[in-house]
Structure formats: structure tokens, C-alpha cells
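So for the sequence shown, full-length UniProt numbering puts the first residue at 1; every next one is plus one.
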Amino acid sequence: MAVTLTALRKRFPMKPPEAAVDHLIIGAGAVGLAIGQQLIRKFEDKSTFIVERHAQAGQETSSRNSEVIHAGIYYPSNSHKTALCLRGRRLLYDYCRKKSIPHKKIGKLIISQSPAEAEYLKSIHDKCQSLNSNLHLNRAVNYGLEKRNQDIIPLTFLSNLQAIDLEPNLSPELSTCLYSPETGIIDSHAFISSLENSICESENGQVVYGTSVVRIDRSPKNDGWLVQTKVQLDKDEGDEPNSVLAKCIINCAGLNAHNIYNHVLYPEARRLQLGFCKGNYYSYTSRQGVDSVKHLIYPVPALGKKQGSFAGLGTHLTLDMNQKIKFGPDVEWLKPKYVKIEKSVATGSSVKAYIDEEIQDFWEEELRPNDIRLEKTYESVKAYLPGIQIENFAPDYCGIRPKLQTVDETEVRARFDILRKFESDDSTDLLTDFFIRQTNQGFINLFGIESPGLTSSLAIGEYVERMIRKEVWGLTRDKFEDDGRVYHTAQNYNSRNQLVSHIGNLNDWA
């Protein structure tokens, strides 16, 4: 049976809680784990649990990407993506050094192949120079970390000859290039495992695996959220679902995040939908045409909305920690699958009409690289690496990016209309930026956490922790210490914010 929102809510009626938790994070990807680690560290007297539907952490977007530590070059100056990527990069390199996570700062070349692309590189360089002179941003990026006498986004213009001297396999037809020395690579699986271990070894946190969230309701007492979870959702038989009272939900479900939030919108007919952008990666099984490559090599993103520049950064060359070369990702938009639901069933309306409801996880059938797109990828790469040969390309893996900005204007408008009420103004960047908001009291949603999500993860953890401290627990900052921030109780802190973990037995649930 197709899993839809209405089907889940019919199958699992509201149920009183058997346990309670202070912070319930849905999704154990890199971002969910980073938030969990931060909450456990900052709120030692509160419980933090992460619910993960897979048997292991980081099984979706977090482990199906380029494994690049991004410099923070491309994104709008005043965006979450820029601020959190810059801060996250510094935190991530620092974390990797301290925890012995395999990583390497190998640098990246961004190449232009036309006057228009060269002009784009100049605009990127000018924007980064402006960010480098922003004192407030510099303080935010470097707070609590070792001081460095360098720009937060160091970039160097290279001529055609300088670029070829650095990477002799590049095409002599190239125009100017930008060199980013701060870009690097990371073993994302080792990073995720380290975050996971720190949570599982704590006294106030845990990751609950193989457990799906099947229903969310506002508590009748208005003291939190009732969250029902089920092991082996695909089987009708088995144990009854568990029900837990969560004071605060942090929705980090990635490709499933909109379906989690739609429980809050229910029974309204409108539904938040995400875009699903598949990216295929192809390994290169020879050193022919790439024998001297030592850096990441990125083309300029497709210019203009018609080319889908919001979809990705172009089909680029990356290296992993074993020096294996791969090309990707490309851009392949997936079309969600829907079923017709009678509107009266979904909303209680007496008017007979139908709405389309997404079949959840339809994209799981797409988790194989698309062989048909290999030749197009080869042609894209050959434009800047003319010595490569198509017979050395092999499909490797693919990933799916959760997108707020898509090519369907009707979907974009519907998405914007749902999310715009959480903005102070009609921001044109709402759908191209990370969406990180408390949309309902004690319910924090993270939508569109695509690239540079892995790089930004530790900074997102800090950001969400501050949001929860202030907006959920009513705490304010008191002073700073060398080992981090220390908080005291604000004057408006009241009995409503008592520890939820004093109610129920979490061990029975976990």
C-alpha cells in the first residue's frame, strides 16, 4: 500500500504518550547529528533523542554527495548558506583535526570558458572581497576559534597560463580561473560516525534506529508534541506504535522533511512539497587525460534561471581521500508520484473533490546512477579536460538533493505561499537559501538543506541550539568562557518550561 499522509493518519490514530523527551530530532544525517551533539553539550540537564528510520546514520543525502568542504563562494552575501558555510568550514576543519577525521585541504579551481563566464568569476571575486571586509561577519565566522591572519574567503585570480601551470591537463582554450585554497575533501562517513558516537556515549542523548515517525499532533495540553513512531513501517503486523511527548521537535528529515511538517498542516488541503534533484556521479577508471590532477576542478554554473543555475554547481571533477577521480553531479529533476485522495477524507469537508497526495519515498526507486546520461556528462567534462576518454567513464552512484527552488513555477508559488509567512519580508532568496525556522511553538523545521549542508552542519548545530535556547526554553546568554557559552535563566522563564524529561520513562521507548 502506498504510504501517504492521509493513509498514515488513518492507520495510526492519536495516542497518549508513554514517555517524554525534551528535544526530539527527526533524522540522523550530518545535520541532525550535529544539532544533537550541540544540544547534548549545551543542555546537560535535558534529554535529546534522534529518531532515524534507517538501520544506520547518514544513509541519504549526507552520504550521497561530493564529500567536499566548501569555501562559501557562490551564495548570496546575506544568506544562511554563506554565513553557515563560512562558519561551518572553520568548525569542520577544526573538528577533523581534533578527532582525526580523514580530510585534506587540496584547493579548487573554478574555470571560465567564455567572456560571460569570466565576468561571472569577476562578480564572484568582488562579492567575496566585500565579505572579507565585513567585520561583523568575520567576528561571527571566527568566534571562539584560533585567530588567523587571512581572509575568510581567500581567492586568487589565475590567468590561462597560470591555471595550466597548476593543472596541465586543462584545456588551453580556457579563460581566467579562480583558485580557492580553502576548499577541501572529507571522509563524510567517518565524520558522521564520530558525531554519532559522541551522542551515543553521552548520558543525556541517544540515537534510535530503524524507527519511522508515523504521526505528529499538538498535545491537547499544549505542552509539546505527540509523536508516534513505528518499527518496520512496511509491515502491518507487529507491535503497536510508540507515542512520546516532545517539548521540542527538530525536523531534519531531509528528503522527507516536508512530509513530517505536513502532519502539522493537516487536515488542510494544502501540502508543502519539495523538489527532488537527482545528481549522477561517474567514476573515471584511468589516469588518461587526468594524470596530473591534484585539485578539484569546477566549471562555472550554468548562467541564468533557464539553465537551472539554482540546481547545482556544474559537472565537476572531485577527488576522494583515496585519490579516486569522479565526475558529477549532473542535474536530473525527478517527478514525484501522487495518488488521488478524496478531499472529504483528507480534510473533513462535505464537498466532494480530490487532491493529489505524494507517495512518500517514491525516490527510493531512483537511487541508481543513470547510464543514459553518461555521454552528456562526458561532453560537459571534455570541454575543460580534452584528454579524457569516454570508455574510462563508469556509473558510480547518485544522490538526491532536497530543493525548495525548482523549475515548475506553479510548485514554486505554492511553496513560497506556505513558507513566506515565516519571513519578515517577501525575501526573493527564501527558496534558494536554507530554511531554518521555528514555524510553530516548539517545532523547528529545516528545509532545502542541500549543498553546502555537510560543510555547514556544525554551524547549523550552533544556530539551532541558540534558537532553541531562546525560543523554546526562554534562556538568554550570560557570559562567555573559553570552553563555550554559559547561559542563565531569563526573567521570563516560567513553570511552563519545566523539564519534560521528568515525565515518563525514556529507556522504555529507546
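Built from N, CA and C at the ideal position, the CB exists for glycine as well. All values derive from a computational prediction rather than experimental measurement.
(request) Drop a sphere of 10 angstroms on the beta-carbon of THR156, count the other beta-carbons inside from all chains shown, and report buried for 16 or more, exposed for fewer. (result) Exposed, since its Cβ has fewer than 16 Cβ neighbours within 10 Å.
(message) Using only the alpha-carbon positions, how far apart do ASP126 and SER66 sit?
(response) A straight line joining the alpha-carbon of ASP126 with that of SER66 spans about 26 Å.
(message) Determine whether the beta carbon atoms of SER283 and LYS326 lie at a separation below 8 Å.
(response) Going by C-beta atoms, SER283 is nearer than 8 Å to LYS326.
(message) Which same chain residues end up closer than 7 Å to SER87 when comparing Cβ atoms and leaving out the 5 residues on each side of it in sequence?
(response) For the record, residue 87 in the displayed sequence is Arg; it is not Ser. Hits under 7 Å: ALA140, VAL141 and ALA459.
(request) With a 10 Å radius around its C-beta and 16 neighbouring C-beta atoms as the bar for buried, classify ASN251 as buried or exposed. (result) A buried status is given to ASN251, since no fewer than 16 other beta-carbon atoms sit within 10 Å of its beta-carbon.
(request) Determine the closest residue to PRO13 out of ILE199, LEU195 and HIS263, with distance taken between C-alpha atoms. (result) Of the listed residues, the one whose Cα sits closest to PRO13 is HIS263.
(request) Over the uninterrupted alpha helix (DSSP H) stretch that includes GLY461, give me the two end residues. (result) Counting along the chain, the alpha helix (DSSP H) containing GLY461 begins and ends at 453-471.
(message) Quick check on LEU5: buried or exposed, where buried means 16 or more other Cβ atoms within 10 Å of its Cβ?
(response) By the beta-carbon neighbour count (other beta carbons within 10 angstroms, threshold 16), LEU5 is buried.
(request) Following the continuous alpha helix (DSSP H) through TYR120, name the residue where it begins and the one where it ends. (result) Counting along the chain, the alpha helix (DSSP H) containing TYR120 begins and ends at 115-132.
(request) Take GLU462 and list the residues in its own chain whose beta-carbon comes closer than 7 Å to its own, dropping the five residues that flank it on each side. (result) Short of 7 Å from the beta carbon of GLU462, and not among the five residues preceding or following it, lie these beta carbons of its own chain, in chain order: GLN38.
(request) Work out the CA separation of PHE393 and LEU374 for me, nearest whole Å. (result) C-alpha separation (whole angstroms): 8 Å.
(request) Below 6 Å CB to CB, which residues in the same chain sit around ARG332 once its five sequence neighbours on both sides are set aside? (result) According to the sequence provided, residue 332 is Glu. The question's Arg does not apply to it. Taken in chain order, the residues that qualify are LYS278.
(request) Let me know the secondary structure DSSP gives GLY192 once reduced to three states. (result) Sequence check: residue 192 is Ile here, not Gly. Taken through DSSP and simplified to helix, strand or coil, ILE192 comes out as helix.
(request) Look at the alpha carbon of ILE468 and the alpha carbon of ILE418, and state the distance between them as a whole number of angstroms. (result) Rounded to whole angstroms, the gap between the alpha carbons of ILE468 and ILE418 is 22 Å.
(message) Quick check on DSSP: helix, strand or coil for TYR266?
(response) Looking at TYR266 - three-state DSSP - the assignment turns out to be coil, as it is neither helix nor strand.
(request) Mind checking which residues open and close the beta strand (DSSP E) that includes ASN280? (result) Secondary structure note for ASN280: its beta strand (DSSP E) is the uninterrupted segment 275-284.
(message) Which of the three DSSP states is assigned to ASP417 in this structure?
(response) Correct three-state label for ASP417: helix.
(message) Please return the same chain residues whose Cβ sits closer than 8 Å to the Cβ of TYR338, not counting the five positions on each side in sequence.
(response) So the list reads ASP356, GLU357, GLU358 and ILE359, once near-sequence residues are dropped.
(message) So, under 8 Å CB-CB, LYS105 and GLY184 are touching, yes? Tell me the CB distance rounded to an integer number of Å.
(response) Contact between LYS105 and GLY184 holds: CB atoms are separated by about 4 Å, below the 8 Å threshold.
(request) Return yes when the Cβ of ALA30 is within less than 8 Å of the Cβ of SER188, no when it is not. (result) The answer is yes: Cβ separation under 8 Å.
(request) For CYS398, write down the residues that DSSP places opposite it in a beta bridge. (result) DSSP output for CYS398 lists ASN280 as bridge partner(s).
(message) Helix, strand or coil, according to DSSP, for THR183 in the structure here?
(response) Reduced to three states, the DSSP call for THR183 is coil.
(message) So, at 7 Å on beta carbons, what are the nonlocal neighbours of TRP363 in its own chain, with the 5 sequence-adjacent residues on each side left out?
(response) Excluding sequence neighbours, TRP363 sits near LEU255, PHE276, LEU334 and ILE400.
(message) Threshold first: 4 residues or longer. Then list the alpha helix (DSSP H) segments lying entirely within the stretch 22-46, N to C.
(response) Secondary structure within the stretch 22-46: the alpha helix (DSSP H) runs of 4 or more consecutive residues, fully enclosed, are 30-42 (chain order).
(request) Tell me, to the nearest whole angstrom, how far the beta carbon of VAL227 is from that of VAL208; I am working on the premise that it is less than 8 Å. (result) With a contact defined as Cβ atoms closer than 8 Å, VAL227 and VAL208 miss out at about 11 Å.
(message) Can you give me the C-alpha to C-alpha distance between ASN134 and ARG218, rounded to a whole angstrom?
(response) Taking the straight line joining both Cα atoms gives about 42 Å.
(message) Residues in the same chain with beta-carbon distance under 6 Å from PHE435, minus the five sequence neighbours each way, listed in chain order, please.
(response) If the five residues before and after PHE435 are omitted, its C-beta is found closer than 6 Å to the C-beta atoms of PHE447 and GLY448, all from its own chain and listed in chain order.
(message) With a threshold of 6 Å on Cβ separation, who are the neighbours of LEU274 within its own chain once the five nearest residues in sequence on each side are excluded?
(response) By the criterion of a C-beta distance shorter than 6 Å, LEU274 is surrounded in its chain by HIS258 and PRO402, once the five residues flanking it on both sides are discounted.
(message) With a threshold of 8 Å on Cβ separation, who are the neighbours of residue 548 within its own chain once the five nearest residues in sequence on each side are excluded?
(response) As displayed, the chain neither begins before 1 nor continues past 510, which places residue 548 out of reach and without an answer.
(request) Go ahead and pull the three-state DSSP assignment for GLN389. (result) Correct three-state label for GLN389: coil.
(request) List the whole-angstrom C-beta distance separating TRP225 from PHE443, where the pair is believed to meet the contact cut-off of C-beta under 8 Å. (result) Yes, they are in contact, since the Cβ atoms of TRP225 and PHE443 sit about 7 Å apart, within 8 Å.
(request) Would you mind working out which of ASP223, ILE341 and VAL464 sits nearest PRO17, comparing C-alpha positions? (result) Restricting attention to ASP223, ILE341 and VAL464, the CA atom closest to the CA of PRO17 is found in ASP223.
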